[in-house]
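Chains as they are written, first to last, in the working numbering: chain A, 2 to 371; chain B, 803 to 1066.
For glycine and all other residues, C-beta sits at the position ideal for the given N, C-alpha and C.
What follows is the structure, encoded as structure tokens:
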């Protein structure tokens, strides 16, 4: 779809967008301040949005502060966004029951997903969503649980103007401007929003709002703010053939150096919007007649992930970190045609000891060059 | 264990402990009735069953080995039990009372500090885990253990399979619950990154830091977390106490706490 004309939506009229979405049957999910972070939850009223809130992020640190800004989207991504909406952190894949004749009967447990509109999606998370779609939907084994929820999503992107210290989406080419994957795109400024549809579904919603056209200077100012957000970013990933360099450095001593700091707690992979590893187990009822087969988020930082037929192949931390990094930045290219990193910086902020993927990758990359 | 023919006999024993883990049975609700159908509960003093000398299929043991009587009794129980499961921190690591192993140079020191007539106190020098004295087939960690842990283990044994052992860090469970990390947002000295899951990340779900009541997870990096706590502003003795607490005698917690205690 060609890019739509940008229309004016004043701050005071944002509620009308939510109202139209609700009228069309969407549950609205958006950013809210909860437990000291900006997270995506049900938005009942436009005042639930984080007006005036800004985040300060550093390796291993996240803090919120508030100003008098009229903006609701002056923040960089919090710990999670779209991933849990599609790839549930825990769900039952099927149930089984033993009947009185002793036969086992299986019952399907596909989720009954409702149409859901997510307000304020960032470019990095849209890039991550595309990768998750590739993993769960493309190929011969389409995941029906993921698909049932994914098909119901309506995405309202807000281009990022407030990158955190930990962000590097400009370096991976995934932001701060959202280029694809949204139903509506919005620029936020002091005066309000510039809005354009990005899909037929988006057009249907925007059409209901009866908005005036923006002018060239408004558009130029909005786009410049997003370009500035790219320039503010200081972190970068090495861009020249990182895959080959990492895979040629499997015995590099730096893996051991990272392992001294790494807790192998799995926080990086849990907050990563592209990580998809999971574990499955059965929860039989005490009477032994029924059972549920459950899938949960797991991580290459757990022992179980490296457990093959009872033999643990990644006992030590350096092997787990190496697995994560060489997959994310290396063999991901072979599987999905690009790197698995979208530059959101979550793994840096939410690592308790502040391990920085850009620094660790660079340390191994540069050592290879010399 | 032929579950189709004969009900397995189970026993619940108490040693040096607060009785809290036994409540995982007594608070089980309808599951307790189910359990009574599936098994023969032959010894459970807190619930009134007192057939002591019979052979047992599955013995649950709460509490640490802390007195000479404990020592004699645990050996007799092991002799009579086909499968022995420790329930909770006390039985599994020596428990909170194991702090005496670390903070008193000898038994007389601490009994003298607490009791008016310490000569009446008959105790071992250390509070020790059950596994220090007899073979343990399965350890269920936690302070207290949950009904879920006990029933899951029991169900597996009734099926004739080895119960699973979830040794992942609490952080995994915490993120699955969509809790916002208290260490990152509030600089709270959360023990989640070194603590095994099983509780379902209850404390972080209520905005407080984990205090490691489930004991060490697999492959922990206590030194890196302790250094992180130092960066958050904790003094060495405070860092030592994060490790020297409910599971102070778990070897890697003991070691980490001792390193930081010696720095203070």
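Can you find a C-beta in chain B that's less than 9 Å from the C-beta of residue i?
i              : result
residue 373(A) : With chain A represented from 2 up to 371, any question about residue 373(A) goes unanswered, as that position is not in the structure.
residue 322(A) : no
residue 216(A) : no
residue 36(A)  : yes
residue 304(A) : yes
residue 287(A) : yes
residue 274(A) : no
residue 81(A)  : yes
residue 91(A)  : yes
residue 373(A) : Absent from the model: residue 373(A). The displayed extent of chain A is 2 to 371, so no value can be given.
residue 33(A)  : no
residue 28(A)  : no
residue 294(A) : no
Is there a Cβ of chain A sitting closer than 9 Å to that of residue i, yes or no?
i              : result
residue 877(B) : no
residue 815(B) : no
residue 970(B) : yes
residue 837(B) : yes
residue 858(B) : no
residue 986(B) : yes
residue 992(B) : yes
residue 961(B) : yes
residue 940(B) : no
residue 966(B) : yes
residue 982(B) : yes
residue 840(B) : yes
residue 936(B) : no
residue 808(B) : no
residue 989(B) : yes
What first and last residue would you give for the beta strand (DSSP E) that runs through residue i?
i              : result
residue 858(B) : 858–864
residue 31(A)  : 28–35
residue 39(A)  : 38–43
residue 809(B) : Looking at the DSSP string, residue 809(B) is not in any beta strand (DSSP E), and its letter there is neither H nor E.
residue 198(A) : 193–198
residue 291(A) : 291–298
residue 350(A) : First-last for residue 350(A): 347–350, but that is the alpha helix (DSSP H), not the beta strand (DSSP E).
Give me, in chain order, the residues of the same chain whose beta-carbon lies closer than 7 Å to that of residue i; leave out the 5 immediate sequence neighbours on both sides.
i               : result
residue 14(A)   : none
residue 63(A)   : 38, 56, 350
residue 1054(B) : 1018, 1022, 1024
residue 947(B)  : 823, 826, 889, 890
Can you list, in chain order, the residues of its chain whose CB lies under 6 Å from that of residue i, leaving out five sequence neighbours each side?
i               : result
residue 990(B)  : 984, 1011
residue 988(B)  : none
residue 157(A)  : 120, 185
residue 122(A)  : 156, 158
residue 1052(B) : 895, 1017, 1018
residue 22(A)   : 29, 118
residue 234(A)  : 164, 168, 169, 171
residue 347(A)  : 272
Mind reading off the beta-carbon distance from residue i to residue j? Whole number of angstroms is fine, and I expect it under 8 Å.
i              : j               : result
residue 864(B) : residue 893(B)  : 6 Å
residue 287(A) : residue 836(B)  : 5 Å
residue 149(A) : residue 111(A)  : 6 Å
residue 898(B) : residue 1022(B) : About 20 Å; that fails the 8 Å criterion.
residue 82(A)  : residue 343(A)  : The pair is not a contact, with the Cβ atoms about 11 Å apart (cut-off 8 Å).
residue 99(A)  : residue 290(A)  : 5 Å
residue 58(A)  : residue 77(A)   : 6 Å
residue 264(A) : residue 1026(B) : 6 Å
Keeping to the same chain, check which residues put their C-beta closer than 8 Å to that of residue i; ignore five residues upstream and five downstream.
i               : result
residue 939(B)  : 885, 886, 887
residue 266(A)  : 302, 353
residue 1050(B) : 895, 896, 898, 900, 901, 903, 904, 1056, 1059
residue 914(B)  : 920
Where does the unbroken alpha helix (DSSP H) through residue i begin, and where does it stop?
i               : result
residue 314(A)  : First-last for residue 314(A): undefined, no H or E at that position.
residue 17(A)   : 15–24
residue 1020(B) : It is not in any alpha helix (DSSP H) - residue 1020(B) carries neither H nor E in the DSSP assignment.
residue 846(B)  : Where residue 846(B) is concerned, there is no enclosing alpha helix (DSSP H), although the beta strand (DSSP E) it sits in stretches over 842–846.
residue 271(A)  : 268–272
residue 180(A)  : Premise fails: residue 180(A) is in no alpha helix (DSSP H) and is neither H nor E.
residue 187(A)  : That residue, residue 187(A), is in no alpha helix (DSSP H); its beta strand (DSSP E) goes 185–189.
For a cutoff of 9 Å on Cβ pairs, would you count residue i as touching chain E?
i              : result
residue 297(A) : Given the protein chain composition of this structure (A and B), no chain E is represented.
Listed in chain order, which residues of the segment 257–268 of chain A have Cβ atoms closer than 9 Å to some Cβ of chain B?
260, 261, 262, 263, 264, 265, 266, 267, 268
Where the segment 945–956 of chain B meets chain A: residues whose CB sits under 9 Å from a CB there
953, 954, 956
Near-chain B residues of the segment 350–367 of chain A - C-beta to any C-beta below 7 Å
350, 351, 353, 354
Taking a cut of 7 Å between CB atoms, which residues from the segment 1008–1030 of chain B lie near chain A?
1009, 1020, 1021, 1023, 1026, 1027, 1030
Residues within the segment 41–60 of chain A neighbouring chain B, beta-carbon criterion of under 8 Å:
none
Residues of the segment 320–346 of chain A with Cβ closer than 7 Å to any Cβ of chain B, in chain order:
If the cut-off is 7 Å between Cβ atoms, the segment 320–346 of chain A has nothing near chain B.
Which residues of the segment 59–76 of chain A have a Cβ closer than 9 Å to any Cβ of chain B? Give them in chain order.
61, 62, 63, 64, 65
What residues in the segment 307–319 of chain A bring their beta carbon closer than 9 Å to a beta carbon of chain B?
316, 317, 318
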